[in-house]
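2 protein chains.
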Amino acid sequence: MRLTGLETPCLILDRQALERNAQRMTARYAGTGVALRPHMKSAKSIDVARIALAGNFGGITVSTLKEAEYFADHGIDDITYAVGIVPDKLPRIAALIGRGVRLSAIIDQIDVAREVGARAQAEGVVIDMLIELDSGERRAGLIAGTKGVVALGQALHELAGTNLRGVLTHAGNSYQCRSIEAIQQVAEAERLSAVTAAAQLRAAGLPCPVVSVGSTPTATHAVSLEGLSEMRCGVYMFGDVFQSEIFSCDLGDLAVSVLATVIGHRPEMNSALIDAGALALSKDRSTGAPDLPEDIGFGLVMDASGLRRIDGVRVGHVYQEHGMLVSDGAFPFDVLPVGTRVRVLPNHVCMTAAMHNTYRVVAGDSGHVLDSWQRVNGW
Amino acid sequence: MRLTGLETPCLILDRQALERNAQRMTARYAGTGVALRPHMKSAKSIDVARIALAGNFGGITVSTLKEAEYFADHGIDDITYAVGIVPDKLPRIAALIGRGVRLSAIIDQIDVAREVGARAQAEGVVIDMLIELDSGERRAGLIAGTKGVVALGQALHELAGTNLRGVLTHAGNSYQCRSIEAIQQVAEAERLSAVTAAAQLRAAGLPCPVVSVGSTPTATHAVSLEGLSEMRCGVYMFGDVFQSEIFSCDLGDLAVSVLATVIGHRPEMNSALIDAGALALSKDRSTGAPDLPEDIGFGLVMDASGLRRIDGVRVGHVYQEHGMLVSDGAFPFDVLPVGTRVRVLPNHVCMTAAMHNTYRVVAGDSGHVLDSWQRVNGW
Chain Z
30 MRLTGLETPC LILDRQALER NAQRMTARYA GTGVALRPHM KSAKSIDVAR IALAGNFGGI
90 TVSTLKEAEY FADHGIDDIT YAVGIVPDKL PRIAALIGRG VRLSAIIDQI DVAREVGARA
150 QAEGVVIDML IELDSGERRA GLIAGTKGVV ALGQALHELA GTNLRGVLTH AGNSYQCRSI
210 EAIQQVAEAE RLSAVTAAAQ LRAAGLPCPV VSVGSTPTAT HAVSLEGLSE MRCGVYMFGD
270 VFQSEIFSCD LGDLAVSVLA TVIGHRPEMN SALIDAGALA LSKDRSTGAP DLPEDIGFGL
330 VMDASGLRRI DGVRVGHVYQ EHGMLVSDGA FPFDVLPVGT RVRVLPNHVC MTAAMHNTYR
390 VVAGDSGHVL DSWQRVNGW
Chain H
30 MRLTGLETPC LILDRQALER NAQRMTARYA GTGVALRPHM KSAKSIDVAR IALAGNFGGI
90 TVSTLKEAEY FADHGIDDIT YAVGIVPDKL PRIAALIGRG VRLSAIIDQI DVAREVGARA
150 QAEGVVIDML IELDSGERRA GLIAGTKGVV ALGQALHELA GTNLRGVLTH AGNSYQCRSI
210 EAIQQVAEAE RLSAVTAAAQ LRAAGLPCPV VSVGSTPTAT HAVSLEGLSE MRCGVYMFGD
270 VFQSEIFSCD LGDLAVSVLA TVIGHRPEMN SALIDAGALA LSKDRSTGAP DLPEDIGFGL
330 VMDASGLRRI DGVRVGHVYQ EHGMLVSDGA FPFDVLPVGT RVRVLPNHVC MTAAMHNTYR
390 VVAGDSGHVL DSWQRVNGW
């Protein structure tokens, strides 16, 4: 099928760009002793996972139990569920363990650990547990070096339903960085958090085989990997405009876009409408922070090949099913007559992709749709 | 099944609140001579449509062709597709007409009308067309009173593939209003736009049986309906916090919420985490505009019954799968221990509901899940 035969709006995935992005990150970690455990929360697709896992050990990270179940259905048997566990999630986790998946869960509270341990025991399983650390994001996790780390480690080690496997942190604060040097500092803080907590556990005679860190910016720019056992990251597979603005990739690396059709012109407003609005692009807009190179609104507008930018045009506003294209200069109506297909490069691909169930797979600018890959949305 | 047995996050629909909201709007238009044509873009569910259509004539409005096809599959045969038509959409529209659906499309450009007419003729159908008017939203549409209205009407009347049926406008700008008086003014501008254009067409000897307006705020507060034939609105069925802030409903009217579980405490940050983040709530946050009563972030937090607010607590920040609860005063950790279920009232329900495939249907605070209703997302 030709790209031009697709109904719009739809989600386009350039397999060549995906493969390049995956290979670049895999090559960066090959031979370092740090295992790359791709995070599948952005892609949510076994077809993408297979490309990301090529050359790696086969383990993944997920953000929902539905992802865990889906990837297990497709044969992946080493999964880290990287959202704090609560007892209510135990039946599904126990079912995954019962079918042979090595599933690791994360936790940062000793009282919850006791409840989880009791529920696991009641379910007849032992859950591998990682202590969640806060290395600067200020979302969840214990602070490395505090005594709570050892107390939680001791509890996880001793409880009948849990098995202490190590520590995990995520430098989500790297998204606030505006220079590679700043990212390197955050990466070092992320590493130090993990290795400090690991040293605490070991000094207390506790096991800590897993020392896990990761975010796409820190995975891309970290200088020292000393003491780490694994790196987790996900959005690097696709890239997005925001990631390109914080040095994770170039604009030319972006693998995912939304194909849309120009449906109207508003010359008196210097704007045009496309049939991709908030439901096709998400409402995750560029912050337009003064320290970012450019406010790209809800997306940058490219021609249908996805390779050439329509000069100065971006999605400035979204309604449910309309996107409003705006331009800093005179709007290029002649380049974008009604009916024209465009590709929108998303500001934040995790959110944009989540609005779709299917990737239409292309390779570069051949114009052919090679395949359709399903996503596993929901919980 | 009990509400407490549901996996979180999930979308909850209170059928009693939905029925009250639907009946209120239906009663408002009963006997006015203005037909209520519910917009299904928020609900995207035949089960919800049946409740909204009770006491009305049976026609609906949709925002995607997938909705049109889905509702046609469920027996609805009078559908207005209220996003500007382009020729590429013709095959699916022709198929709908071919199976007996009275489908009306909207348009605001004469050159596109000619292409649509030619494509319709090639497909062997005649499409009912409404002229889209801009009554103040500044998104799409012609300005009533300008000569373009008659020119487009003439073209639609004369083209072999199109049938002029009337005019349509949507006062989306009513969302910017901050008083009932302001909404009434916008409603009057919306009405005047439609009746002015209708008068133009009729003065030119053209037919204009349909004079269609609508948005939930204007449908709720319009004073004069003179000259109108139909009212379109959708979000009134569910309500949301934003609509409650602009006088479309009370907080107690809200029919849709997201059930979530508290998964962590951060006493040092006066906050807690729930397992509903950007993918469960959307990133459509409250603007926090100074002229709105309250910045509720990504949602207001209620107890599990959905009826009692947790004082001062809102979703202040979202990550992909984490929501961070914040509070103006001391965070009520004792009321919300880890594992507690809460209900989040969304800022903008159209976007929040779109993140889910299924409504879990309850009735008031009985705590029982009565049913599961599917949504038709996508395009």
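Protein sequence lines, in the order shown, are assigned to chains Z and H.
Per my numbering, the very first residue in the first sequence carries number 30; after that it's consecutive.
Per my numbering, the very first residue in the second sequence carries number 30; after that it's consecutive.
Positions of the beta carbon are idealized from the N, C-alpha and C atoms, including for glycine.
Specify, as a first and last residue, the run of the beta strand (DSSP E) that residue i falls within.
i: residue 191 of chain H; result: 191 to 198
i: residue 289 of chain Z; result: 285 to 295
i: residue 67 of chain Z; result: Here residue 67 of chain Z belongs to no beta strand (DSSP E), and DSSP marks it neither H nor E.
i: residue 254 of chain Z; result: Residue 254 of chain Z -> no beta strand (DSSP E), and no H or E assigned at all.
i: residue 76 of chain Z; result: Counting along the chain, residue 76 of chain Z falls outside any beta strand (DSSP E), though it belongs to the alpha helix (DSSP H) covering 75 to 82.
i: residue 301 of chain H; result: 300 to 303
i: residue 185 of chain Z; result: Note, residue 185 of chain Z: premise wrong, no beta strand (DSSP E); alpha helix (DSSP H) at 176 to 187.
i: residue 403 of chain Z; result: 400 to 403
For the alpha helix (DSSP H) that contains residue i, what are its first and last residues?
i: residue 213 of chain Z; result: 209 to 232
i: residue 161 of chain Z; result: Taken as a continuous stretch (DSSP letters only), residue 161 of chain Z belongs to no alpha helix (DSSP H), being part of the beta strand (DSSP E) at 156 to 162.
So, under 8 Å CB-CB, residue i and residue j are touching, yes? Tell me the CB distance rounded to an integer number of Å.
i: residue 159 of chain H; j: residue 239 of chain H; result: 6 Å
i: residue 132 of chain Z; j: residue 97 of chain Z; result: 7 Å
i: residue 182 of chain H; j: residue 233 of chain H; result: 7 Å
i: residue 189 of chain H; j: residue 150 of chain H; result: 5 Å
i: residue 311 of chain Z; j: residue 384 of chain Z; result: 6 Å
i: residue 370 of chain H; j: residue 318 of chain H; result: So it is not a contact: roughly 31 Å between Cβ atoms.
i: residue 282 of chain H; j: residue 263 of chain H; result: With a Cβ gap of about 15 Å, residue 282 of chain H and residue 263 of chain H do not count as contacting.
i: residue 422 of chain H; j: residue 404 of chain H; result: This structure leaves residue 422 of chain H out entirely; chain H is present only between 30 and 408.
Considering only their Cβ atoms, is the gap separating residue j from residue i smaller than 8 Å?
i: residue 408 of chain Z; j: residue 93 of chain Z; result: yes
i: residue 266 of chain H; j: residue 51 of chain H; result: yes
i: residue 206 of chain Z; j: residue 215 of chain Z; result: yes
i: residue 194 of chain Z; j: residue 137 of chain Z; result: no
i: residue 161 of chain H; j: residue 113 of chain H; result: yes
i: residue 354 of chain Z; j: residue 301 of chain Z; result: yes
i: residue 382 of chain H; j: residue 252 of chain H; result: no
i: residue 18 of chain Z; j: residue 345 of chain Z; result: Missing from the structure shown is residue 18 of chain Z; chain Z here goes from 30 to 408 and no further.
i: residue 288 of chain Z; j: residue 61 of chain Z; result: no
i: residue 409 of chain Z; j: residue 87 of chain Z; result: With chain Z covering only 30 through 408, there is no way to say anything about residue 409 of chain Z.
i: residue 331 of chain Z; j: residue 325 of chain Z; result: no
Counting only Cβ pairs nearer than 9 Å, list the residues of chain Z close to residue i.
i: residue 380 of chain H; result: 307, 308, 311, 312, 349
i: residue 38 of chain H; result: 408
Is the shortest distance between the beta-carbon of residue i and the beta-carbons of chain Z less than 8 Å?
i: residue 42 of chain H; result: no
i: residue 367 of chain H; result: yes
i: residue 245 of chain H; result: no
i: residue 242 of chain H; result: no
i: residue 138 of chain H; result: yes
i: residue 70 of chain H; result: yes
i: residue 141 of chain H; result: yes
i: residue 298 of chain H; result: yes
Taking only beta-carbon positions, decide if residue i is within less than 8 Å of chain H.
i: residue 292 of chain Z; result: yes
i: residue 112 of chain Z; result: yes
i: residue 386 of chain Z; result: yes
i: residue 326 of chain Z; result: no
i: residue 353 of chain Z; result: yes
What does residue i reach in chain H if we use C-beta pairs closer than 9 Å?
i: residue 375 of chain Z; result: Chain H residues near residue 375 of chain Z: none, gap ~12 Å exceeds 9 Å.
i: residue 383 of chain Z; result: 307, 308, 349, 384
How would you list, in chain order, the residues of chain H whose beta-carbon sits under 7 Å from the beta-carbon of residue i?
i: residue 117 of chain Z; result: 290, 368
i: residue 93 of chain Z; result: 350
Taking C-beta pairs closer than 8 Å, name the residues in chain H that residue i reaches, listed in chain order.
i: residue 302 of chain Z; result: 113, 168, 169
i: residue 201 of chain Z; result: 348
Got a sec: is the Cβ-Cβ distance from residue i to anything in chain A below 8 Å?
i: residue 310 of chain H; result: Looking for chain A here will not work: the only protein chains present are Z and H.
Any heavy atom of the ligand SAM closer than 7 Å to the CB of residue i?
i: residue 270 of chain Z; result: No copy of the ligand SAM occurs in the structure displayed, which carries no ligand at all.
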